[in-house]
Amino acid sequence: MKKVTAGFGLGVLLIFCATVSMAHFGMIIPSNDVVGKDDKKEIGLLLQFTHPFEGGPQMQMDKPEKFGVVVGDKVTSLLDSLKEKKVDGKSTWESTYRITKPADYIFYMVPKPYWEPAEDKFIVHVTKVIVDALGAEEGWDKPIAKEAGLPAEIVPLTRPYSLYAGNIFTGRVLKDSKPVGDCEVEVEFWGKGKTKAPTDSHVAQVVKTNEVGYFSFVMPKAGWWGFSAIMEADNPIKLENKDKKVELGAVLWVHAYPME
Ligand SMILES: [Cu+2]
52 MKKVTAGFGL
62 GVLLIFCATV
72 SMAHFGMIIP
82 SNDVVGKDDK
92 KEIGLLLQFT
102 HPFEGGPQMQ
112 MDKPEKFGVV
122 VGDKVTSLLD
132 SLKEKKVDGK
142 STWESTYRIT
152 KPADYIFYMV
162 PKPYWEPAED
172 KFIVHVTKVI
182 VDALGAEEGW
192 DKPIAKEAGL
202 PAEIVPLTRP
212 YSLYAGNIFT
222 GRVLKDSKPV
232 GDCEVEVEFW
242 GKGKTKAPTD
252 SHVAQVVKTN
262 EVGYFSFVMP
272 KAGWWGFSAI
282 MEADNPIKLE
292 NKDKKVELGA
302 VLWVHAYPME
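Numbers in the working numbering are just positions in the sequence shown, counted from 1, shifted up by 51.
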């Protein structure tokens, strides 16, 4: 809905999406991005597909194809831990995860393809979030696509936790483990509809990667920020015997704290 695709006029887009500029994002949000030694060792995780800035409309998220965590070299599927929770009649998912040792925990999710009639394509937003536990502070910069079986990912160059509002965040977009240049990265604040945008086009910010896949963005406000690198998947998906394009998003969520 951010782009008017051939054959679809603005009028059609408006029917499906209240505001043209709203972008949808895959989301994994942990209850905490940093778990200290005195904190509860159980973290909650929320998985959903929505328009984060506006706090909706909520979009249906079927049970993901993959959901798990990479700790060091170890990949663990957490699919069985997911519990469905309906929000506005649409499925979201919740999980809890117990921290067992000092490490950076890289959570990832590959959703089932979502059919978006307004854009005449499927959407697959492969999503990551990284939690540091018990002062480990290492492992966050590791690509996990190969081990976890992700078609694309954002690898952070800025440590992706314990950030401040006002920090610059830099990441690198990889598809099939190769850098993606000239790629649009949509950026959205998880405003839940409480943050006001001066115009519709302020809802999602857009930066592009340079020729070797790097992008940067300064986060102006404390809270959760989502970065979504928008690509096209290699293979179309058939719908009623017609090949449909697949929007492949590589999404990373980071949390910025206020500086007091
Ligand atoms: Cu949408």
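Every residue, glycine too, gets a C-beta built ideally from N, C-alpha and C. None of these values were measured; they are calculated from a predicted model.
By the criterion of a C-beta distance shorter than 6 Å, residue 138 is surrounded in its chain by 109, once the five residues flanking it on both sides are discounted. Pairwise C-beta distances place the segment 74-91 in contact with the segment 298-307, as three or more of them are shorter than 8 Å.
With 16 or more neighbouring CB atoms inside 10 Å of its own CB, residue 112 falls in the buried class. At a Cβ-Cβ threshold of 9 Å, residue 182 and residue 294 do not count as neighbours. For residue 196, the three-state secondary structure derived from DSSP is helix. At the C-beta level, residue 284 and residue 266 stay beyond 9 Å of one another. Residue 276 is bridged by DSSP to 240 and 305.
Secondary structure in the segment 129-197: the beta strand (DSSP E) runs of 3 residues or longer, each lying completely within the stretch, are 134-138, 141-149, 154-161, 165-167 and 172-184 in chain order. The DSSP-derived three-state label of residue 267 is strand. According to the DSSP assignment, residue 92 belongs to no beta strand (DSSP E), since it is labelled neither H nor E. For residue 251, the secondary structure class from DSSP, reduced to helix, strand or coil, is helix. The Cβ atoms of residue 260 and residue 210 lie no closer than 9 Å to each other. Not one heavy atom of ligand 1 sits closer than 8 Å to the Cβ of residue 194. Within the DSSP secondary-structure output, residue 117 pairs in a beta bridge with 161. In the DSSP assignment, residue 231 falls outside any beta strand (DSSP E), carrying neither H nor E.
If you check the CB distance, residue 238 and residue 278 come in under 9 Å. Excluding five sequence positions before and after residue 288, the CB atoms of its chain that fall closer than 6 Å to its own CB belong to 164, 173, 295 and 297, given in chain order. For the pair of segments examined, the segment 93-102 was found to touch the segment 128-145: the number of CB pairs separated by less than 8 Å reaches three. At a threshold of 8 Å, residue 311 does not count as near ligand 1, since its beta carbon sits no closer than that to any of the ligand's heavy atoms. A distance below 8 Å between beta-carbons, with the five flanking residues on each side excluded, links residue 115 to the following residues of its chain, in chain order: 98, 130, 133, 144, 160, 161, 162 and 163.
Taking a contact as a CB-CB distance under 8 Å, the pair residue 236 and residue 203 does not count as one, their CB atoms being some 12 Å apart.
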